[in-house]
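Quick note, the sequence shown lines up with residues 0 to 500 if you use numbering that gives the first Met the number 0.
Note that the Cβ used here is the ideal one computed from N, Cα and C, for glycine as well.
Since we're looking at a predicted model, the values are computed, not measured.
Worksheet: the structure to be examined is printed underneath.
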Amino acid sequence: MTATTYDLMDLDEVLEKFDPVMGLEVHVELATKTKMFSASSAEFGDAPNSNVDPVSLGLPGALPVVNAKGVEWAIKIGLALNCSIAESSRFARKNYFYPDQPKNYQISQYDEPIAYEGYLDVQLEDGTEWRVEIERAHMEEDTGKLTHLGGSAGRIHGATASLVDCNRAGIPLIEVVTKPIEGAGERAPEVAKAYVSALRELVKSLGVSDARMDQGSIRVDSNLSLRPIGQQEFGTRTETKNINSLKSVEQAVRFEMMRQAAAIENGETIRQETRHYQETDGTTLAGRIKETAEDYRYFNDPDLPPVIAPAEWVEEIRATLPELPWIRRARIQQEWKLSDAEMRDLVNAGAFDMITETVEAGATSDEARSWWVSYLAKKAKEAEVDLDALAVTPVQIARVVALINEGKLTNKLGRQAVDAVLAGEGNVDEVIAKHGLEVVRDDGAIEKAVDEALAANPGIVEKYRAGNTKVTGAIVGAVMKATRGKADPAQVNKLIAEKLN
Ligand code: ADP
Ligand code: MG
Numbered sequence: 000m001t002a003t004t005y006d007l008m009d010l011d012e013v014l015e016k017f018d019p020v021m022g023l024e025v026h027v028e029l030a031t032k033t034k035m036f037s038a039s040s041a042e043f044g045d046a047p048n049s050n051v052d053p054v055s056l057g058l059p060g061a062l063p064v065v066n067a068k069g070v071e072w073a074i075k076i077g078l079a080l081n082c083s084i085a086e087s088s089r090f091a092r093k094n095y096f097y098p099d100q101p102k103n104y105q106i107s108q109y110d111e112p113i114a115y116e117g118y119l120d121v122q123l124e125d126g127t128e129w130r131v132e133i134e135r136a137h138m139e140e141d142t143g144k145l146t147h148l149g150g151s152a153g154r155i156h157g158a159t160a161s162l163v164d165c166n167r168a169g170i171p172l173i174e175v176v177t178k179p180i181e182g183a184g185e186r187a188p189e190v191a192k193a194y195v196s197a198l199r200e201l202v203k204s205l206g207v208s209d210a211r212m213d214q215g216s217i218r219v220d221s222n223l224s225l226r227p228i229g230q231q232e233f234g235t236r237t238e239t240k241n242i243n244s245l246k247s248v249e250q251a252v253r254f255e256m257m258r259q260a261a262a263i264e265n266g267e268t269i270r271q272e273t274r275h276y277q278e279t280d281g282t283t284l285a286g287r288i289k290e291t292a293e294d295y296r297y298f299n300d301p302d303l304p305p306v307i308a309p310a311e312w313v314e315e316i317r318a319t320l321p322e323l324p325w326i327r328r329a330r331i332q333q334e335w336k337l338s339d340a341e342m343r344d345l346v347n348a349g350a351f352d353m354i355t356e357t358v359e360a361g362a363t364s365d366e367a368r369s370w371w372v373s374y375l376a377k378k379a380k381e382a383e384v385d386l387d388a389l390a391v392t393p394v395q396i397a398r399v400v401a402l403i404n405e406g407k408l409t410n411k412l413g414r415q416a417v418d419a420v421l422a423g424e425g426n427v428d429e430v431i432a433k434h435g436l437e438v439v440r441d442d443g444a445i446e447k448a449v450d451e452a453l454a455a456n457p458g459i460v461e462k463y464r465a466g467n468t469k470v471t472g473a474i475v476g477a478v479m480k481a482t483r484g485k486a487d488p489a490q491v492n493k494l495i496a497e498k499l500n
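Now the structure itself:
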């Protein structure tokens with residue numbers, strides 16, 4: 000594929016001239032066992048078209064039945080986003096043809112969403128908080144999945160054949176739509192990323208979605224427009240579809256700012272269109288001219304009754320909300336006695352969950368933190384992977400810490416054990432046995448090594464006896480060498496003192 004070249008305006012110049020306005024639509028796939036309107040499995044990754052039934056295939060006469068869990072979880076998400084919950088809401092038909100949607104309409108909510116008017120406070124990297132206003136969170140069903148063969152980068156353009164898999168058709172989705180986000184200026188890309196990141200963390204902590212962006216269980220459409228500084232009305236927006244990673248969310252916003260600004264400067268009119276994010280080079284390509292709501296011919300789905308959510312039920316669900324991730328983080332920060340900066344570093348390094356899990360497995364927060372933010376962070380960097388992708392688990396690290404505290408491993412032996420676990424040689428106890436990494440406890444062997452080291456270093460012995468008790472480092476070093484690092488330094492020091500006093 001020949002790379003498309005764009006006229007782009009430098010970001011600094013964009014910000015001198017324009018004010019970006021953003022709107023984010025995030026689709027969250029719920030982790031229900033079955034689909035939103037039928038009993039087929041909602042499992043990811045099964046053989047194509049094995050999880051289908053008359054409803055998800057849109058066969059004539061098939062009738063949808065609402066998945067109560069799907070509704071409950073929609074309410075849960077709405078409540079966590081500080082939304083009002085509609086006591087009565089409706090499913091509508093959004094009519095359009097696409098080969099991955101056999102009914103020719105998608106069941107969605109239109110003018111009566113289940114949750115509306117909320118907000119999410121998100122943390123930016125420097126610690127400032129940004130409130131993103133939520134317009135609505137509504138229920139809908141996912142479409143099937145098309146795989147295009149023969150084209151480049153999986154695009155339909157240039158493809159010779161396309162395959163339809165309806166396993167995904169009918170899986171419950173919650174679409175969370177923000178109000179226009181104004182005034183973010185140069186931070187617009189960062190706000191977009193932080194918002195999606197917070198929302199992802201939120202739905203994961205609610206236990207309603209696996210929140211795997213790489214598997215498409217969270218998909219983002221990012222709307223962006225520019226207005227000249229000082230102008231009141233919004234400019235025309237483009238909508239970049241199906242963005243699949245946090246990094247891409249940030250890049251898609253940044254790219255559209257630079258592309259639209261250059262286009263406007265060249266006297267072009269921005270069209271309200273969908274655009275496709277290109278993973279390969281971080282650009283966006285024009286898609287279709289955006290339909291207006293009228294084009295979809297929305298009407299209430301006559302096959303489905305209104306969704307009734309009595310206040311008592313909503314309150315019952317509210318009572319099941321877990322401690323929200325950022326509140327939990329603030330509480331733990333206090334417990335661990337960390338400064339804001341220390342906490343932020345640890346969160347940005349992706350170490351927070353690893354450390355909490357290590358603490359849950361028995362280590363103190365200082366012990367856990369020291370492993371994850373120094374030694375293991377270094378190992379992750381060397382391997383160019385995230386901390387949670389390392390081949391050592393928090394439970395294993397807690398085991399190493401416990402063995403060090405029991406005096407069975409030295410810090411150095413502990414690191415050797417972790418290295419072996421990272422190399423895939425087994426769990427902590429296995430690699431210790433395999434490499435004989437335990438601290439030598441046999442007093443006889445250590446005593447012999449101490450005697451030999453003292454005999455070999457008469458000068459040091461003399462200085463020690465003359466009152467300089469700080470010179471024993473070389474003796475300890477020699478003993479460690481003789482025991483191949485397996486002696487306990489504290490024990491060695493004790494023996495030396497006994498012998499020389
Ligand atoms: P659609 O049906 O076109 O996807 P939605 O209402 O679902 O429309 O989502 C549109 C999103 O774009 C919302 O987040 C909204 O706040 C945002 N938005 C609306 N107008 C603008 C604009 N001019 N510039 C940027 N974002 C906008
Ligand atoms: Mg939309």
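{"Check": "Can you tell which of Lys75, Ser216, Ile288 and Val399 has the C-alpha that lies nearest to the C-alpha of Arg270?", "Outcome": "Ile288"}
{"Check": "Output needed for Ile113: all residues of its chain with C-beta closer than 8 Å, excluding positions within five of it in sequence on either side, in chain order.", "Outcome": "Val70, Ala73, Ile74, Gly77, Ile84, Ala85, Ser88, Ala136, His137, Met138, Val306 and Ala308"}
{"Check": "Relative to the ligand ADP, is the shortest distance from any of its heavy atoms to the C-beta of Thr357 smaller than 7 Å?", "Outcome": "no"}
{"Check": "Just how far apart, CA to CA, sit Val195 and Gln230?", "Outcome": "28 Å"}
{"Check": "Is Met256 near the ligand ADP, with its Cβ less than 7 Å from a heavy atom?", "Outcome": "no"}
{"Check": "Is it buried or exposed, Lys34, if we count other Cβ atoms within 10 angstroms and call 16 or more buried?", "Outcome": "buried"}
{"Check": "CA-CA distance, Ala340 and Trp129?", "Outcome": "18 Å"}
{"Check": "Can you tell me whether DSSP reads Lys16 as helix, strand or coil?", "Outcome": "helix"}
{"Check": "Taking Val171 as part of the beta strand (DSSP E), name the residues at either end of that continuous run.", "Outcome": "Reading the sequence as shown, one finds Pro at residue 171 and not Val. Looking at the DSSP string, the run of the beta strand (DSSP E) that includes Pro171 is Pro171 to Thr177."}
{"Check": "Entirely within the segment 425 to 499 and at least 4 residues each: give me those alpha helix (DSSP H) ranges in chain order.", "Outcome": "427 to 434, 442 to 455, 457 to 464, 472 to 481 and 488 to 499"}
{"Check": "Within 7 Å: the Cβ of Asn222 and any heavy atom of the ligand ADP?", "Outcome": "yes"}
{"Check": "What are the boundary residues of the beta strand (DSSP E) that Lys377 is part of?", "Outcome": "That residue, Lys377, is in no beta strand (DSSP E); its alpha helix (DSSP H) goes Leu375 to Ala382."}
{"Check": "State buried or exposed for Val449, treating a residue as buried only when at least 16 other CB atoms are found within 10 Å of its CB.", "Outcome": "buried"}
{"Check": "Near Met342, which residues of its chain fall below 6 Å by C-beta distance, leaving aside the five closest residues on each side in sequence?", "Outcome": "Gln332"}
{"Check": "Counting only the same chain and skipping the five closest in sequence on each side, list residues whose C-beta sits under 7 Å from that of Arg317.", "Outcome": "Leu78"}
{"Check": "Taking only runs of the alpha helix (DSSP H) that begin and end inside the segment 244 to 287, which ones reach a length of at least 4 residues, in chain order?", "Outcome": "245 to 264"}
{"Check": "Measure from the alpha carbon of Pro171 to the alpha carbon of each residue in Gly184, Lys480, Val65 and Glu405, then state which is nearest.", "Outcome": "Val65"}
{"Check": "Just mark Ser338 as buried or exposed, buried being the case when its beta carbon has 16 or more other beta carbons within 10 Å.", "Outcome": "exposed"}
{"Check": "Going by beta carbon distance, what residues of the same chain come within less than 7 Å of Val163, once the five residues before and after it are set aside?", "Outcome": "Pro98, Asp99, Gly143 and Leu145"}
{"Check": "Give the straight-line distance between the Cα atoms of Tyr95 and Ser55, rounded to the nearest whole angstrom.", "Outcome": "16 Å"}
{"Check": "Just to check, is the beta-carbon of Gln236 closer than 7 Å to a non-hydrogen atom of the ligand ADP?", "Outcome": "Reading off the sequence shown, one finds Arg at residue 236, where the question assumed Gln. Under cutoff, so the answer is yes."}
{"Check": "Per DSSP, Asp220 is paired with what?", "Outcome": "Glu24"}
{"Check": "Does the pairing of the segment 248 to 265 with the segment 297 to 306 give three or more beta-carbon distances under 8 Å?", "Outcome": "no"}
{"Check": "So, with DSSP's three-state summary, where would you put Met35?", "Outcome": "coil"}
{"Check": "Identify, in the order they occur along the chain, each residue of the same chain with its Cβ nearer than 6 Å to the Cβ of Ser40, setting aside the five sequence neighbours on each side.", "Outcome": "Asn50"}
{"Check": "Does the beta-carbon of Gly22 have 16 or more other beta-carbons within 10 angstroms, so that it is buried, or is it exposed?", "Outcome": "buried"}
{"Check": "Taking the alpha-carbon positions, what's the Glu124 to Gly266 distance?", "Outcome": "36 Å"}
{"Check": "Report all residues from its chain with a CB closer than 8 Å to the CB of Tyr104; omit the five preceding and five following residues, and keep chain order.", "Outcome": "Arg92, Lys93, Asn94 and Tyr95"}
{"Check": "Looking only at its own chain, which residues have a Cβ that is under 7 Å from the Cβ of Glu200, when we skip the five neighbours before and after it?", "Outcome": "Pro324"}
{"Check": "Beta carbon of Asp18, beta carbon of Arg226: below 8 Å?", "Outcome": "yes"}
{"Check": "Taking the alpha-carbon positions, what's the Thr357 to Thr319 distance?", "Outcome": "26 Å"}
{"Check": "Taking DSSP as the reference, what is the three-state secondary structure of Val131?", "Outcome": "strand"}
{"Check": "Can you check whether the CB of Ala197 is closer than 8 Å to the CB of Val313?", "Outcome": "no"}
{"Check": "Between Val475 and Val491, how many whole angstroms is the CB-CB distance? I'm expecting something under 8 Å.", "Outcome": "5 Å"}
{"Check": "For Val219 and Glu311, what's the separation of their Cα atoms in angstroms?", "Outcome": "33 Å"}
{"Check": "If you measure from the CB of Val20, is any heavy atom of the ligand ADP nearer than 7 Å?", "Outcome": "yes"}
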